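K.L.:
Numbering (full-length UniProt numbering), first residue to last: 1 to 702. The structure's right below; bear with me while I get my questions together.
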Ligand code: HDD
C-alpha cells in the first residue's frame with residue numbers, strides 16, 4: 001500500500017514494542033511484571049509499589065463511554081480519487097479531477113451496544129472522513145437514503161425508543177419491541193424509513209456490499225459563490241446484497257463479528273473494497289418544484305428526476321493498526337466542512353451540527369480530541385484556542401488572541417490576505433421565528449409506497465415477513481393496530497398481508513383512530529397525502545440486473561472428506577478463483593485431509609466451527625468421500641440449510657447420489673456435473689447472489 005500524507009502523519013505515533021524493554025508509563029524499566037511489592041513473601045502488599053499503581057490506575061480507566069448510537073463499528077483506511085471535473089459546481093479541493101485524498105471510513109450498526117452482533121436488523125452507519133488539503137471533511141451517512149424523523153428535536157426520543165427498554169435493558173440490538181413501535185406508530189413521518197429498515201437493506205451480506213447515502217440535501221458552492229443542491233451516494237463495486245433474515249439470526253449466534261471479520265479479511269487479502277461516489281445535482285431554481293421538499297430528510301430524490309453522476313472512487317486498502325486508537329477514537333461530525341461544501345437548511349441536519357461536537361467532547365474527554373492522530377487534519381491546525389484536557393500540541397509564543405500586533409496578526413484569517421477560506425453559502429432569509437413543522441413536509445406515505453412498489457416480489461415478501469416478525473413481538477395489541485393502520489396508508493395489499501399474520505384486518509375505523517392518536521400527541525402535525533412524480537424506481541430494488549452480477553470475493557464451501565478427488569476439487573476451484581471467488585475446504589476434522597490421488601492438504605474449517613450461513617454457495621466434489629458424507633448428518637444439514645437460504649449448490653457427478661438422498665430438490669439454482677456447461681452455470685447462479693424467486697418452493701420442498 002502506497003504511503004500518503006495521512007499514513008505518514010499516523011506513522012509517527014505507531015509504537016512497536018518488539019524487542020523493547022518493558023517500562024512504566026514514565027519510561028522506568030520494569031524488572032518484574034509478575035509480583036507486587038510485599039512486606040515479606042506472604043504480604044501484605046505495599047502502597048509504595050509505583051509499578052503496580054501505574055499499571056492498575058491505567059487499567060481501571062481503560063474504558064470510555066461508548067457512542068450513544070452507532071456504538072458498534074468497524075473501520076478502515078483508504079483513498080478517494082476524484083475522477084470528474086465538477087469545478088463549475090464546487091471549489092472543493094479534494095473534488096478536483098485527479099486529486100487523491102486519504103480517507104478513514106467507519107461502518108456501524110445503530111441500536112446495539114459496542115459488543116452486540118453485526119447481523120442485527122438495523123440501519124448501517126457509513127461515515128467517511130476525507131483528510132483534505134483544506135481540512136477534514138466528514139460525510140456522516142447511512143446505508144439507507146432517508147431518516148426516521150424530520151426534526152432533530154425528536155432524535156433523543158427516537159433513540160430512547162429503539163434502544164433496550166429502560167426498566168430491564170431488553171432487547172439488545174433489536175427494534176422488535178414495544179417502545180420502538182409505539183414511537184413509530186405515533187410518527188407517520190417514520191413510515192418511509194421503516195419500510196427500508198424492514199427490507200433486506202437492514203441485513204447486508206457484507207459492509208462491502210452496501211450503498212451509502214449522505215441522506216440530507218447538501219450544497220456545493222463554486223468560485224462565484226453560486227450554490228447547487230446535491231445528494232451524495234456511495235455505490236459499491238460489488239453490488240448491493242443481503243442475507244436472509246433466518247440466516248442473519250443464525251450468523252448472529254455463530255459469528256457475531258461476521259461483518260467486521262469480512263471487512264478485515266478482505267483488506268488483509270488485498271481484495272480492497274471500492275465504492276463510486278455519485279451526486280444528484282439539483283439546481284437552486286428547482287428547490288420548490290417537487291411534490292416533496294428537498295429539505296425533508298424522510299424523502300429521497302428519485303434518480304429518475306436527477307440521475308446520479310459519478311465523480312470519484314473510494315478504495316479501502318489498509319486495516320487500522322489498533323482498534324481503540326483509531327476506530328473507537330475517530331470522531332465524525334457532519335459540521336466538519338471544507339470550502340466548496342455547505343449544509344442545507346434541513347432541520348435534522350441543522351440539529352446534528354451541535355450534537356456531534358458535543359458528544360465527542362464528552363466521549364473523548366475534552367476539546368482536544370481533534371489532536372488525536374486519527375482525527376488530526378493533514379494540513380495542520382492553527383488558531384488561538386488554548387489548553388483543555390490532554391493538549392498534545394505545544395503552541396509557540398506569547399500570543400493566543402486575535403487581533404494582535406505582537407504576532408503580526410497570526411494566525412491570520414483568510415480575508416486578511418485576500419484569501420477565501422471557508423465561506424458559508426450566502427442565502428437570503430426573510431422569515432418569522434417559528435417553532436413548527438413545515439407544511440411542505442406533510443406527505444408521509446407516497447414515498448413509502450414508491451419504495452414498496454419498486455421492490456421485486458421476493459423483496460416485497462421479505463418486507464411483509466419482517467413486519468410480521470417485528471410486530472408479532474409486540475406485547476401491546478394497540479401498537480400493532482396503529483402500525484397496521486399506518487401501513488394501510490402505504491398499501492392495502494401490504495397491510496392486509498401483514499394483518500393476516502397478526503390477526504388484524506385493516507379498516508377505515510382503525511385508520512381514523514390512529515390519526516386521532518397521532519394528532520393528540522402533536523396537534524399541529526401536518527398530514528397531507530400527495531402523489532409522487534414517480535410510481536416505481538428501479539434504483540430502489542436490490543435485485544441483480546442481467547449481466548451485472550459478480551462473484552468476486554464470494555466464499556464457496558467445498559464439503560470434503562478423506563478420499564475426495566483432488567481433480568474434482570481443483571477443477572472447480574480454478575474456475576471460481578478466475579472469477580475472484582474463494583474456495584474453502586470444510587471437513588469433519590481439522591488437520592491433514594487425504595486426497596484420493598494421495599496428496600494431503602491441511603484443513604482449517606470443520607462442521608464444528610463453520611456453518612452454511614457463513615458461505616455464499618456450496619459444492620460437493622466427487623471421490624471416495626461420498627460414502628463418508630452419506631453418513632454425516634452435519635453434511636446434510638449444511639446443504640439443506642444453504643438450499644433454504646436460496647444459495648447456489650453444485651454437485652459433482654458421483655455426488656449426485658448425495659443430492660438424491662437429501663431434501664434438496666433440483667432447480668435452476670442446483671447445478672450438477674450432468675448439466676451442460678455446469679461449472680459456468682454454477683458461476684452464473686452465484687452471480688445472481690441468491691435465487692430469491694425460488695424461496696417459497698425451497699422452503700417447502702414437496
Ligand atoms: Fe447521527 C453518530 C448517521 C441523525 C446524533 N450518526 C452517527 C454515526 C453515523 C450517523 C453514521 C456514527 C459516526 C461514527 O462512525 O462514529 N445520524 C446519522 C444520519 C442521520 C443522523 C445519517 C440522519 C440523516 N444523529 C442524527 C441526529 C442527531 C444525531 C438528528 C442528533 C441531533 N449521531 C448523533 C450522535 C452520534 C451519532 C449522538 C453518536 C456518536 C457520535 O455521534 O459520534 O451525536
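Just so you know, even glycine gets a beta-carbon here, dropped at the ideal spot from N, CA and C. From a predicted model like this one, the values you see are computed outputs, not experimental measurements.
#1: Quick check on this structure: which residue in 668, 133, 180 and 102 has the alpha carbon closest to the alpha carbon of residue 122?
#2: Just list the residues that DSSP pairs residue 100 with in beta bridges.
#3: When you compare only the Cα positions, how much space is there between residue 553 and residue 479?
#4: Alpha carbon to alpha carbon, how far is residue 217 from residue 703? Give it in angstroms, no decimals.
#5: Indicate whether residue 302 and residue 541 have their beta-carbon atoms separated by less than 7 Å.
#6: Are residue 590 and residue 606 close, meaning C-beta to C-beta below 7 Å?
#7: Give me whichever residues DSSP pairs with residue 602 in a beta bridge.
#8: Just to check, is the beta-carbon of residue 152 closer than 6 Å to a non-hydrogen atom of the ligand HDD?
#9: Write down every uninterrupted run of the alpha helix (DSSP H) in the stretch 459-530 whose length is 4 residues or greater and which is fully enclosed by it, in chain order.
#10: Touching or not, the stretch 197-206 and the stretch 127-139, by the rule of three or more beta carbon pairs under 8 Å?
#11: Under three-state DSSP, which class holds residue 36?
#12: Looking at residue 359 and the ligand HDD, is the gap between the Cβ and the nearest heavy atom below 6 Å?
#13: Please return the same chain residues whose Cβ sits closer than 6 Å to the Cβ of residue 690, not counting the five positions on each side in sequence.
#14: Just mark residue 327 as buried or exposed, buried being the case when its beta carbon has 16 or more other beta carbons within 10 Å.
#15: Kindly identify the DSSP beta-bridge partner or partners of residue 314.
#16: Note the first and the last residue of the continuous alpha helix (DSSP H) segment covering residue 180.
#17: Within its chain, find whatever has a CB closer than 6 Å to the CB of residue 440; leave out the 5 residues flanking it on each side and keep chain order.
#18: Could you pull the DSSP bridge partners for residue 170 from this structure?
#19: On the premise that residue 338 lies in contact with residue 281, defined as a C-beta separation below 8 Å, what is that separation, rounded to the nearest angstrom?
#20: State yes or no: is the C-beta of residue 104 nearer than 6 Å to some heavy atom of the ligand HDD?
#21: State yes or no: is the C-beta of residue 356 nearer than 6 Å to some heavy atom of the ligand HDD?
#22: Under the rule that 16 or more other beta-carbon atoms within 10 Å means buried, what is residue 214, buried or exposed?
#23: Within 10 angstroms of the Cβ of residue 102, are there 16 or more other Cβ atoms? Answer buried if so, exposed if not.
#24: Between which two residues does the alpha helix (DSSP H) containing residue 253 stretch?
#25: Got a sec? Which residues, its chain only, sit under 8 Å from residue 571 by beta carbon, not counting five neighbours each side?
#26: Going by alpha carbons, who is nearest to residue 427 out of 390, 562 and 227?
#27: With the cut-off set at 7 Å, would you say residue 372 and residue 329 are in Cβ contact?
#28: Exposed or buried, residue 48, counting other C-beta atoms within 10 Å across all chains shown (16 or more means buried)?
#29: Just the C-alpha distance for residue 524 and residue 436, rounded to the nearest angstrom, thanks.
#30: Would you grab the beta carbon distance between residue 234 and residue 196 for me? Rounded to a whole angstrom, and I think it's under 8 Å.
#31: Rounded to whole angstroms, what is the Cα-Cα separation between residue 503 and residue 308?
#32: Within this structure, are the beta carbons of residue 508 and residue 443 separated by less than 7 Å?
#33: Could you pull out every residue in the same chain whose Cβ sits closer than 7 Å to the Cβ of residue 46, ignoring the five residues on either side in sequence?
#34: Nearest CA to the CA of residue 700: which residue from 687, 660 and 640?
#35: In whole angstroms, what is the alpha-carbon distance linking residue 64 and residue 511?
#36: Measure how close the beta-carbons of residue 582 and residue 556 come, nearest whole angstrom, since I'm counting them as under 8 Å.
P.N.:
Reading it off the structure:
#1: 180
#2: 81
#3: 43 Å
#4: This structure does not reach residue 703, given that the chain is present from 1 up to 702, and the question cannot be answered.
#5: no
#6: yes
#7: 592
#8: yes
#9: 477-490, 492-502 and 508-521
#10: no
#11: coil
#12: yes
#13: 646
#14: buried
#15: 80 and 275
#16: 178-185
#17: 293
#18: Residue 170 pairs with nothing; no bridge assigned.
#19: In fact, because the Cβ distance is near 19 Å, the residues do not count as touching under 8 Å.
#20: no
#21: yes
#22: buried
#23: buried
#24: 245-254
#25: 679
#26: 227
#27: yes
#28: exposed
#29: 8 Å
#30: No, residue 234 and residue 196 are not in contact; Cβ-Cβ is about 16 Å, not under 8 Å.
#31: 43 Å
#32: no
#33: 37, 38 and 39
#34: 640
#35: 46 Å
#36: 7 Å
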